[in-house]
Amino acid sequence: MKVVCVGECCLDVYEGEAAPRLGGITFNFAIHARRAFGPEAEIHLLSTVGEDAYHLFAQRLDEAGIHHDLKIGPRTPSIGIRLDEQGDRSFYKYDPGGLLDWQPSLSQQRIIADADLVVLTRYQEIEPLFNTLLQLPTRGKRVVDFADIAGASSITGSIDVTRTVAAHHHADVCIFGIPSTADTLDRHLVALADEHNGMFVITRGEAGAKAIAQGITYVEPAVPVPEVVDTTGAGDCFAAHFLSEWSQSGDLQQALVKGCTAASDIVQRLGAN
Numbered sequence: 278m279k280v281v282c283v284g285e286c287c288l289d290v291y292e293g294e295a296a297p298r299l300g301g302i303t304f305n306f307a308i309h310a311r312r313a314f315g316p317e318a319e320i321h322l323l324s325t326v327g328e329d330a331y332h333l334f335a336q337r338l339d340e341a342g343i344h345h346d347l348k349i350g351p352r353t354p355s356i357g358i359r360l361d362e363q364g365d366r367s368f369y370k371y372d373p374g375g376l377l378d379w380q381p382s383l384s385q386q387r388i389i390a391d392a393d394l395v396v397l398t399r400y401q402e403i404e405p406l407f408n409t410l411l412q413l414p415t416r417g418k419r420v421v422d423f424a425d426i427a428g429a430s431s432i433t434g435s436i437d438v439t440r441t442v443a444a445h446h447h448a449d450v451c452i453f454g455i456p457s458t459a460d461t462l463d464r465h466l467v468a469l470a471d472e473h474n475g476m477f478v479i480t481r482g483e484a485g486a487k488a489i490a491q492g493i494t495y496v497e498p499a500v501p502v503p504e505v506v507d508t509t510g511a512g513d514c515f516a517a518h519f520l521s522e523w524s525q526s527g528d529l530q531q532a533l534v535k536g537c538t539a540a541s542d543i544v545q546r547l548g549a550n
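278 is the number of the first residue of the sequence shown in our numbering; add one for each residue after it.
Below is the structure:
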């Protein structure tokens, strides 16, 4: 299987730490996917970074056994991360770096065209780039992580959920991470799932996760942990393990189990990957 992760590498600047960590939704997913999909799978990461951080990202990806095609841009994206006493993260001072100037190269487009699974991230700050990436031809299935669907817990704030989801109706899998308390948004997404041709996956932290496909809803509770340290990488970790199981077995209930179990591990330590 060839899994192609297309989007952002980002410098995660944790409040109180002197040096940034290597992160970004797409980078985090790729690292987790390398562990989740097994040694037979090809994991690729396509992105753009500044020259100053290129070797750091390339070295980490090489060490993990991830194929990468990183285009040199004017600067590397960065974001501030603040953790509260419960380990819940919030974002601030987001800089998209060179993402909005990035035009996927021919070599990057060829990798996307030959993928079995193309994993994309959508949020307002990079919507023009996302729309470009979503239109690139591929023989595989498209997975879209709607990273800013949850309002205050996102990077950029509230969006028009109905319009945004409808605009990307041809995504094969739509993933939404929302707060455990967002019952109204959860009901809204469940209703939208009936109008969408693909699968909806909704994660809700300690409230667990659900998958909706072909009119059937699968539900899995979260795995209890003694202490939550950092939720930054929980969604990326969940998505990698969920998609791995689903793509290999087609068992959605077991995919939810794998995703919830993996997410429960990552939240017990600092760092997103």
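Where is the CB? At the ideal position from N, CA and C, for every residue including glycine.
Keep in mind that this is a model prediction, so the values were computed, not measured.
Exercise for review: Mind checking who residue 506 pairs with in its DSSP beta bridge?
Suggested key: Locating residue 506 in the sequence shown gives position 229, counting from the first residue. Answer by DSSP bridge pairing: none, since residue 506 is not bridged.
Practice item. Can you have a look at residue 289 and say buried or exposed, based on whether 16 or more other CB atoms are within 10 angstroms of its CB? Key: Locating residue 289 in the sequence shown gives position 12, counting from the first residue. Per the 10 Å Cβ criterion, buried.
Practice item. Look at the alpha carbon of residue 317 and the alpha carbon of residue 414, and state the distance between them as a whole number of angstroms. Key: On the sequence shown, position 40 is the one that residue 317 refers to. On the sequence shown, position 137 is the one that residue 414 refers to. Spanning the two alpha carbons is a distance of roughly 24 Å.
Check your understanding: Exposed or buried, residue 370, counting other C-beta atoms within 10 Å across all chains shown (16 or more means buried)?
Key -> For the purposes of this step, residue 370 is taken as the residue at position 93 of the sequence shown. By the neighbour-count criterion, in which 16 or more other beta carbons inside 10 Å mark a residue as buried, residue 370 falls on the exposed side.
Review point. For residue 499 versus residue 484, is the C-beta distance shorter than 8 Å?
Key: Translated into positions along the sequence shown, residue 499 becomes position 222. Translated into positions along the sequence shown, residue 484 becomes position 207. In this structure, residue 484 lies closer than 8 Å to residue 499 by Cβ.
Practice item. Classify residue 286 as helix, strand or coil using the three-state DSSP reduction. Key: Reading the sequence shown from its first residue, position 9 is the one you call residue 286. In the three-state scheme derived from DSSP, where H, G and I count as helix and E and B as strand, residue 286 is classed as coil.
Check your understanding: What does a CB cutoff of less than 7 Å around residue 376 pick up in its chain, not counting 5 residues either side in sequence?
Key -> Taking the sequence shown and counting its residues from 1, the one referred to as residue 376 is at position 99. Same-chain partners within the cutoff: 285, 325, 354, 403 and 406.
Exercise for review: Determine the burial state of residue 387: buried for a count of at least 16 other Cβ atoms within 10 Å of its Cβ, exposed for fewer.
Suggested key: For the purposes of this step, residue 387 is taken as the residue at position 110 of the sequence shown. Counting Cβ neighbours within 10 Å, residue 387 comes out exposed, since fewer than 16 surround it.
Point to revise | Test item: CB-CB of residue 385 and residue 346 under 8 Å | key: In the sequence shown, residue 385 corresponds to position 108, counting from 1. In the sequence shown, residue 346 corresponds to position 69, counting from 1. Against a cut-off of 8 Å, the Cβ pair of residue 346 and residue 385 comes out as a contact.
Point to revise | Per-residue burial, residue 509 [other beta carbons within 10 Å of its own, 16 or more giving buried] | key: As a first step, residue 509 is located in the sequence shown; it is residue number 232 there, counting from the start. Answer is buried; the Cβ neighbour count reaches 16.
Check your understanding: According to DSSP, which residues form a beta bridge with residue 494?
Key -> To locate residue 494, count along the sequence shown from 1; it is residue 217. Its beta-bridge partners are 489.
Check your understanding: The beta strand (DSSP E) with residue 396 in it runs from where to where?
Key -> Reading the sequence shown from its first residue, position 119 is the one you call residue 396. In the DSSP assignment, residue 396 falls within the beta strand (DSSP E) that extends over 394–399.
Exercise for review: Let me know the secondary structure DSSP gives residue 323 once reduced to three states.
Suggested key: By 1-based counting over the sequence shown, the position of residue 323 is 46. Of the three classes helix, strand and coil, the one that applies to residue 323 here is strand, per DSSP.
Practice item. Taking all protein chains shown into account, decide if residue 518 is buried (16 or more other Cβ within 10 angstroms of its Cβ) or exposed. Key: Numbered from its first residue, the sequence shown carries residue 518 at position 241. It counts as buried.
Check your understanding: Nearest to residue 545 by alpha carbon, out of 460, 507 and 360?
Key -> Indexing the sequence shown from 1 puts residue 545 at position 268. Here the closest residue by C-alpha is 507.
Point to revise | CA-to-CA distance, residue 310 to residue 521, given in whole angstroms | key: Counting from 1 along the sequence shown, the entry for residue 521 is found at position 244. Counting from 1 along the sequence shown, the entry for residue 310 is found at position 33. In this structure, the alpha-carbon of residue 521 lies about 7 Å from that of residue 310.
**Study point:** Own chain, CB closer than 7 Å to residue 531, minus 5 neighbours either side, in chain order
**Key:** What you label residue 531 is simply residue 254 of the sequence shown in a count that begins at 1. Correct list, in chain order: 522.
Review point. Which first and last residues belong to the beta strand (DSSP E) in which residue 366 is found?
Key: Indexing the sequence shown from 1 puts residue 366 at position 89. Taken as a continuous stretch (DSSP letters only), the beta strand (DSSP E) holding residue 366 covers 366–372.
Review point. Distance, Cα to Cα, residue 283 vs residue 487?
Key: In the sequence shown, counting from the first residue as 1, residue 283 sits at position 6. In the sequence shown, counting from the first residue as 1, residue 487 sits at position 210. Take the alpha-carbon of residue 283 and the one of residue 487: they are about 25 Å apart.
Practice item. Find out if the Cβ-Cβ distance for the pair residue 478, residue 394 is shorter than 8 Å. Key: By 1-based counting over the sequence shown, the position of residue 478 is 201. By 1-based counting over the sequence shown, the position of residue 394 is 117. For residue 478 and residue 394, no; Cβs fall outside 8 Å.
Exercise for review: Determine the burial state of residue 524: buried for a count of at least 16 other Cβ atoms within 10 Å of its Cβ, exposed for fewer.
Suggested key: Stepping through the sequence shown from its first residue, residue 524 is reached at position 247. Counting the other CB atoms within 10 Å of its CB gives residue 524 a total of 16 or more, which places it among the buried residues.
Point to revise | Euclidean distance between Cα positions of residue 422 and residue 314 | key: Sequence index remark: in the sequence shown, residue 422 carries index 145 (1-based). Sequence index remark: in the sequence shown, residue 314 carries index 37 (1-based). Their backbone Cα atoms lie some 18 Å apart in a straight line.
**Study point:** Same chain, Cβ closer than 6 Å to residue 278, neighbours up to 5 away in sequence not counted
**Key:** On the sequence shown, position 1 is the one that residue 278 refers to. These residues qualify, in order along the chain: 318 and 393.
Practice item. Whole angstroms is fine: what's the gap from residue 409's alpha carbon to residue 397's? Key: For this step, residue 409 is matched to residue 132 along the sequence shown. For this step, residue 397 is matched to residue 120 along the sequence shown. In this structure, the CA atom of residue 409 is about 11 Å from the CA atom of residue 397.
**Study point:** Three-state secondary structure assigned by DSSP to residue 482
**Key:** Position 205 of the sequence shown, counted from the start, is the residue given in the question as residue 482. Residue 482 sits in a helix when the DSSP states are folded into three classes.
Check your understanding: Is DSSP giving residue 530 helix, strand or coil here?
Key -> Taking the sequence shown and counting its residues from 1, one reaches residue 530 at position 253. In the three-state scheme derived from DSSP, where H, G and I count as helix and E and B as strand, residue 530 is classed as helix.
Point to revise | Beta-carbon proximity list for residue 374, same chain, < 6 Å, skipping 5 on both sides | key: As a working note, residue 374 is residue 97 in the sequence shown. Hits under 6 Å: 352, 353 and 354.
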